[in-house]
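Student: Submitted below is the structure of interest, expressed as structure tokens.
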């Protein structure tokens, strides 16, 4: 498997019911890996495991030739960034929420982005510059998803874990987000994404996309 980002025999048991999943995959820099499977098959679970938010029963994840347990959890989550389908916004303006990560110790070495830069980035996601002064808790589902994506891109992860990133978007806005992600992948070497999506348009938007199918099995014994 690749030495950039790979996972081998990643295993998780669901309770109750005894179902389990065991998955292997890899993604190269500049590319996207899609996790596919029926609803409830464990696609989002795999993303949470890769983000070290869930503990697997077995398996190994390797990033740039190093096993994942050699990274402190906070360092890992900065470099391997998880964006859930229903992201969290905090009290305050959208601008406050975009700047929030830069007050964390893990990002103390990164300068806080300027407002002009943020206006350009939210515009690329199909949002007006005026949204920066809006109360973040009043955003619609689609607006919140795009603001959360912008916030994720700002911390410059190496691997982006995306759970249904266009689920709340119409067709036109969906294309803007797909373009934003494609541009992000190409702007800097050694970036990749792992994607869960039920939309064929998402899977067709990324050149060189590879697919891993997830099929749960019944636990024996």
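Numbering (our numbering), first residue to last: 4 to 224.
Think of the CB as a built atom: it goes at the ideal place given N, C-alpha and C, for glycine as much as any other residue.
When burial is assigned at 16 or more other CB atoms within 10 Å of the CB, is residue 177 buried or exposed?
Tutor: In the chain shown, counting from the first residue as 1, residue 177 sits at position 174. Burial check for residue 177: the Cβ neighbour count within 10 Å reaches 16 or more, so the residue is buried.
Student: For residue 38, report the span of its alpha helix (DSSP H) as first-last.
Tutor: Here residue 38 is taken as the residue at index 35 of the chain shown, counted from 1. Not the alpha helix (DSSP H): residue 38 falls in the beta strand (DSSP E), residues 35-39.
Student: Should residue 10 be labelled buried (16 or more other beta-carbon atoms within 10 Å of its own) or exposed?
Tutor: As a position in the chain shown, residue 10 is number 7, starting the count at 1. Classification of residue 10: buried, given that the 10 Å Cβ count is 16 or more.
Student: So is residue 151 buried or exposed if we call it buried at 16+ other beta carbons inside 10 Å?
Tutor: In the chain shown, counting from the first residue as 1, residue 151 sits at position 148. The Cβ neighbour count for residue 151, taken over all protein chains shown within 10 Å, is at least 16; the residue is labelled buried.
Student: Taking buried to mean at least 16 other C-beta atoms within 10 Å of its own C-beta, is residue 15 buried or exposed?
Tutor: Sequence index remark: in the chain shown, residue 15 carries index 12 (1-based). Residue 15 comes out buried.
Student: For the structure I just gave you, are there three or more beta carbon pairs, one from the region 184-197 and one from the region 131-143, closer than 8 Å?
Tutor: no
Student: Using CA coordinates, which residue listed in 36, 162, 43 is at the minimum distance from residue 18?
Tutor: Within the chain shown, residue 18 is the residue found at index 15, counting from 1. Per the Cα distances, 43.
Student: With distance defined between alpha-carbon atoms, name the residue in 97, 50, 186 nearest to residue 164.
Tutor: Position 161 of the chain shown holds residue 164. Ranking 97, 50, 186 by Cα distance to residue 164 puts 50 first.
Student: Taking contact to mean 3 or more Cβ pairs, one atom from each stretch, closer than 8 Å, check whether the region 194-209 and the region 147-162 are in contact.
Tutor: yes
Student: Take every Cβ of the region 85-99, pair it with every Cβ of the region 62-70, and state whether three or more of those distances are shorter than 8 Å.
Tutor: no
Student: Ordered along the chain, which non-local residues of its own chain (more than five positions away) have a Cβ less than 6 Å from that of residue 224?
Tutor: For the purposes of this step, residue 224 is identified with residue 221 of the chain shown, where counting begins at 1. Note that residue 224 scores 49 on pLDDT, short of 50, meaning its location in the model is unreliable and no value can be drawn from it.
Student: Return the residue from the list 156, 52, 108 that minimises the CA-CA distance to residue 123.
Tutor: Here residue 123 is taken as the residue at index 120 of the chain shown, counted from 1. Checked all of 156, 52, 108; the closest Cα to residue 123 is 156.
Student: Tell whether a beta-carbon distance below 9 Å holds between residue 127 and residue 169.
Tutor: Translated into positions along the chain shown, residue 127 becomes position 124. Translated into positions along the chain shown, residue 169 becomes position 166. Result no, Cβ atoms of residue 127 and residue 169 do not sit closer than 9 Å.
Student: What's the C-alpha gap between residue 205 and residue 130?
Tutor: Locating residue 205 in the chain shown gives position 202, counting from the first residue. Locating residue 130 in the chain shown gives position 127, counting from the first residue. About 20 Å.
Student: Could I get the ranges of all uninterrupted beta strand (DSSP E) runs contained in the region 134-198, with 3 residues as the minimum, in chain order?
Tutor: 162-166
Student: Taking the alpha helix (DSSP H) that residue 54 belongs to, which residues open and close that run?
Tutor: Looking up residue 54 in the chain shown gives position 51. Counting along the chain, residue 54 falls outside any alpha helix (DSSP H), and DSSP gives it neither H nor E.
Student: Is the beta carbon of residue 199 less than 9 Å from the beta carbon of residue 38?
Tutor: Within the chain shown, the letter at position 196 stands for residue 199. Within the chain shown, the letter at position 35 stands for residue 38. Against a cut-off of 9 Å, the Cβ pair of residue 38 and residue 199 comes out as a contact.
Student: So, at 7 Å on beta carbons, what are the nonlocal neighbours of residue 95 in its own chain, with the 5 sequence-adjacent residues on each side left out?
Tutor: Your numbering for residue 95 matches position 92 in the chain shown. 139.
Student: Whole angstroms are fine: how far does the CA of residue 48 sit from the CA of residue 213?
Tutor: Taking the chain shown and counting its residues from 1, the one referred to as residue 213 is at position 210. Taking the chain shown and counting its residues from 1, the one referred to as residue 48 is at position 45. Looking at the two C-alpha atoms, the distance is approximately 19 Å.
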